[in-house]
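Chains A and B supply the protein sequences, listed in that same order.
If you count by numbering that gives the first Met the number 0, then the first sequence holds residues 0 to 213, one letter each, in order.
If you count by numbering that gives the first Met the number 0, then the second sequence holds residues 0 to 202, one letter each, in order.
Take a look at the structure below.
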Amino acid sequence: MFRAPILTLAAVVVLGLVLIGVDMAVQPPAAPPTPAASAAAPPPAAAAATAAVPPPADFPAQVRYVGDVTAQGTTIPIAVTVDGGRAKAYVCDGRHVEAWLQGTAAAGALDASGRRGNHLTGHLDGDRLTGTVHVAGLPDAPFTASPATGTRTGIYRQSVSGRTSGWIVRGDGGQVGLSHDGTGALAPAPPLPDGPLPAGVGPVDGTTDVLAAP
Amino acid sequence: MSSRADTPPADDDAPTGPVGPFPRTQPGPRAPALLVPVLGGIALAVVLGVYGRLHEPGAVAVNVAGFSGPAYVKAWLTTVAVLLAVVQLVSALNMYGRIGAGSPSWVSTLHRWSGRFAVLVTVPVVVHCLYAFGFAYDSPRVLVHSVAGCLFYGAFATKMLALPRRDLPAVALPVIGGLVFTALVALWLTAALWLFTTRGLHL
Numbered sequence: 000m001f002r003a004p005i006l007t008l009a010a011v012v013v014l015g016l017v018l019i020g021v022d023m024a025v026q027p028p029a030a031p032p033t034p035a036a037s038a039a040a041p042p043p044a045a046a047a048a049t050a051a052v053p054p055p056a057d058f059p060a061q062v063r064y065v066g067d068v069t070a071q072g073t074t075i076p077i078a079v080t081v082d083g084g085r086a087k088a089y090v091c092d093g094r095h096v097e098a099w100l101q102g103t104a105a106a107g108a109l110d111a112s113g114r115r116g117n118h119l120t121g122h123l124d125g126d127r128l129t130g131t132v133h134v135a136g137l138p139d140a141p142f143t144a145s146p147a148t149g150t151r152t153g154i155y156r157q158s159v160s161g162r163t164s165g166w167i168v169r170g171d172g173g174q175v176g177l178s179h180d181g182t183g184a185l186a187p188a189p190p191l192p193d194g195p196l197p198a199g200v201g202p203v204d205g206t207t208d209v210l211a212a213p
Numbered sequence: 000m001s002s003r004a005d006t007p008p009a010d011d012d013a014p015t016g017p018v019g020p021f022p023r024t025q026p027g028p029r030a031p032a033l034l035v036p037v038l039g040g041i042a043l044a045v046v047l048g049v050y051g052r053l054h055e056p057g058a059v060a061v062n063v064a065g066f067s068g069p070a071y072v073k074a075w076l077t078t079v080a081v082l083l084a085v086v087q088l089v090s091a092l093n094m095y096g097r098i099g100a101g102s103p104s105w106v107s108t109l110h111r112w113s114g115r116f117a118v119l120v121t122v123p124v125v126v127h128c129l130y131a132f133g134f135a136y137d138s139p140r141v142l143v144h145s146v147a148g149c150l151f152y153g154a155f156a157t158k159m160l161a162l163p164r165r166d167l168p169a170v171a172l173p174v175i176g177g178l179v180f181t182a183l184v185a186l187w188l189t190a191a192l193w194l195f196t197t198r199g200l201h202l
């Protein structure tokens, strides 16, 4: 009884330190949301990120990234498409936050802008894309995205009869989507089917103008 | 008592305190008994805050099967902790004679173990908070949450360090315990309830 509270305190401290240790050990190879990319991210990549001496790698000619923005204690899906130096990005939580951005990607660095001052900067970190995104009404938030693994993974967009819808399809098949008619009101977009895409829905590539008026 | 025995008792000395094989009694509760626990708690709170501020947030993805994301894992763990904290409050009120007639011995056992589990389930949450986000003040909600988090663990450490002491002021434990409870409820309100109301109540 005399020492029990001290033991309790010690147990809590030890558990906390162990969990912090696990986080630190997991951190370098973990590429949320798909930590399966083990072969692609050797542990020394973490050291290289701090040193940053080797010349920055450049983007592949065509690549799609999917990941998460970490904002205010939660995560919001983000997808980025790089196609021939042109970058398109879509941030969408499927509920009440979305942002379309487009810009350029060159020499391992990415810069994209959207409406209402929305802005995104990113750079290659190994084969991952990390950076910061500013979405109007939210504080600047960091994001990390990994190269898409599935053929379906990426950003999809539909713009018909004054209504623009966007989807992020994740590597695990999960998706989020939002739809708006230009008046500011957002509504969940109907989920994309597994089979053929509905009429007017297409994957976003370098030629898509994601800032076009609805 | 041994030092007192060295001095021959003088018959004309007025008795200054209990004599005989009683436990030592102080003239009143000594506040310095709280000094080490309070300093220890403050130190832990400051360390957590400074670490949260200095540590570069990392994107850790703890995904537990059955939950829609790390935020919901944390929200539900905090909810469990708050429910246990309610058990803490009720059992403490009973132990102090504020509710119920008498306090069976199992109530103090319940109080101890519900408290241990309550704190233990918060540890994965705080580790994720500290490691992935750190101490932040983007909005009043986030600021209150960050401060309450440091306060909660500081007050908890103070309580654990104070409990073994036998010469505490009577109000010390209820006040520290109340602080732990209040901080935890504030943590829940500013994160779990916020998440449930903005993102929906689900796993």
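By construction, the Cβ of each residue, glycine as well, lies at the ideal position given by its N, Cα and C atoms.
Just so you know, these numbers come straight off a predicted model, no measurement behind them.
Residue i, DSSP secondary structure in three states
i, result
"GLY139 (chain B)", "The sequence shown places Pro at residue 139 (chain B), rather than the Gly named in the question. Of the three classes helix, strand and coil, the one that applies to PRO139 (chain B) here is helix, per DSSP."
"SER164 (chain A)", "strand"
"SER102 (chain B)", "coil"
"THR73 (chain A)", "strand"
"ALA117 (chain B)", "helix"
"PHE155 (chain B)", "helix"
"HIS144 (chain B)", "helix"
"GLY201 (chain A)", "strand"
"ASP193 (chain A)", "coil"
Exposure label - residue i; buried when at least 16 CB within 10 Å
i, result
"TRP112 (chain B)", "exposed"
"GLY172 (chain A)", "exposed"
"GLN157 (chain A)", "buried"
"GLY176 (chain A)", "buried"
"TYR95 (chain B)", "exposed"
"GLN101 (chain A)", "buried"
"GLY20 (chain A)", "exposed"
Any chain A beta carbon closer than 8 Å to residue i
i, result
"LEU194 (chain B)", "yes"
"ARG52 (chain B)", "no"
"ASP137 (chain B)", "yes"
"PRO173 (chain B)", "no"
"VAL122 (chain B)", "yes"
"PHE132 (chain B)", "yes"
"ALA42 (chain B)", "no"
Candidates the options: closest to residue i by CA position
i, options, result
"ALA185 (chain B)", "B:ALA147, B:GLY176, B:PRO168 and B:HIS201", "B:ALA147"
"PRO197 (chain A)", "A:THR206, A:TYR155 and A:THR207", "A:TYR155"
"SER145 (chain A)", "A:ASP126, A:GLY72 and A:LEU16", "A:ASP126"
"ALA131 (chain B)", "B:ALA80, B:HIS54, B:THR197 and B:THR77", "B:HIS54"
"ALA98 (chain A)", "A:SER160, A:THR74, A:GLY165 and A:LEU8", "A:GLY165"
"HIS144 (chain B)", "B:ARG164, B:VAL125, B:VAL170 and B:GLY176", "B:VAL125"
"ILE5 (chain A)", "B:GLY176, B:THR78 and B:PHE155", "B:PHE155"
"HIS127 (chain B)", "A:PRO202, A:MET23 and A:ARG2", "A:MET23"
"ALA191 (chain B)", "B:THR78, B:GLY40 and B:VAL35", "B:THR78"
"LEU109 (chain B)", "B:ILE175, B:LEU83 and B:LEU119", "B:LEU83"
Test: residue i CB closer than 8 Å to a CB of chain B
i, result
"ARG2 (chain A)", "yes"
"LEU14 (chain A)", "yes"
"ILE77 (chain A)", "no"
"LEU18 (chain A)", "yes"
"ASP22 (chain A)", "yes"
"GLY214 (chain A)", "Since the first and last residues shown for chain A are 0 and 213, residue 214 (chain A) lies out of range."
"GLY72 (chain A)", "yes"
"ARG94 (chain A)", "yes"
Proximity test, residue i beta-carbon vs the ligand GTP heavy atom, cut-off 7 Å
i, result
"ALA186 (chain A)", "Of the ligands one can find in the structure shown there are none, so the ligand GTP has no counterpart to examine."
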